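One structure is given below, encoded as structure tokens.
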Amino acid sequence: MSKSSTEEQVREMAKLTLLTNKLNPIQEKNLKLYPLVFFNGVKSAKMDFDLSNDQMIESVEDRKELEITYQFNKAETKHLRVSYHLEIDESADNSSLDKRFEAIEMSVRNLLWLEIKVQVFINTKLAYESKDV
Numbered sequence: 002m003s004k005s006s007t008e009e010q011v012r013e014m015a016k017l018t019l020l021t022n023k024l025n026p027i028q029e030k031n032l033k034l035y036p037l038v039f040f041n042g043v044k045s046a047k048m049d050f051d052l053s054n055d056q057m058i059e060s061v062e063d064r065k066e067l068e069i070t071y072q073f074n075k076a077e078t079k080h081l082r083v084s085y086h087l088e089i090d091e092s093a094d095n096s097s098l099d100k101r102f103e104a105i106e107m108s109v110r111n112l113l114w115l116e117i118k119v120q121v122f123i124n125t126k127l128a129y130e131s132k133d134v
């Protein structure tokens with residue numbers, strides 16, 4: 002499978018996620034593994050998300066032609082969010098946290114869409130939140 006067809010498949014999965022408000026198993030598995038990839042000493046990792054998009058999708062029905070079209074507007078970021086709640090061993094080497102946050106944010110956005118907000122809580126404290134959405 003070529004890189005462009007893989008990217009297109011990821012985009013199609015993201016569109017389906019918007020329509021159904023549900024992650025597919027591949028997306029869910031990747032999202033759950035990201036903290037283990039980008040942070041050391043993870044004791045536990047929990048993920049929650051809000052993908053509700055009622056304000057984002059407009060449907061237009063043409064009853065004569067039996068055609069339904071969807072118009073995707075820019076994401077309402079107050080609804081689109083992935084949050085990680087991590088318990089991390091404080092003695093673990095997690096230098097350059099800003100780079101780690103940037104990496105997890107870009108991974109989530111590449112898997113879903115660029116307008117999604119990413120939050121990371123470390124040991125119950127908000128350590129990072131996307132600022133550009």
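Going by this note's numbering, the letters in the sequence shown line up with residues 2 to 134, in that order. Positions of the beta carbon are idealized from the N, C-alpha and C atoms, including for glycine. These figures come from a predicted structure and were not determined experimentally.
Rounded straight-line distance, which links the Cα of residue j to that of residue i
i    : j    : result
F139 : S92  : Any answer about residue 139 is impossible in this case: the structure gives the chain only from 2 up to 134.
E116 : R110 : 7 Å
S6   : R12  : 10 Å
T21  : E103 : 28 Å
P26  : L113 : 13 Å
V134 : T125 : 23 Å
E8   : Q28  : 13 Å
Q10  : L24  : 14 Å
Y129 : V43  : 16 Å
L98  : L127 : 13 Å
Own chain residues within Cβ distance below 6 Å of residue i, not counting five before or after
i    : result
I123 : L87 and I89
Y85  : P36, M48 and V121
S45  : E88
Beta-carbon gap between residue i and residue j smaller than 9 Å
i   : j    : result
N31 : S131 : no
Beta-ladder partner(s) of residue i, from DSSP
i    : result
R82  : D51 and K118
L127 : F122
L87  : A46 and I123
Chain-order list of residues whose beta-carbon lies under 7 Å from that of residue i (same chain, five-residue window excluded)
i    : result
V119 : V83, I105, E106, V109 and S131
M94  : This sequence places Asp at residue 94; Met is not what is there. If we look at D94 and ignore the five residues flanking it on each side, its Cβ neighbours are N41.
R101 : F39, F40 and N95
Close beta carbons around residue i, own chain, < 8 Å, minus the five adjacent residues each side
i   : result
K33 : A46 and M48
> Hey, which unbroken runs of the alpha helix (DSSP H) at 4 residues or more fall wholly within the stretch 19 to 58?
Replying inline: List check, alpha helix (DSSP H) in window: 26 to 39.
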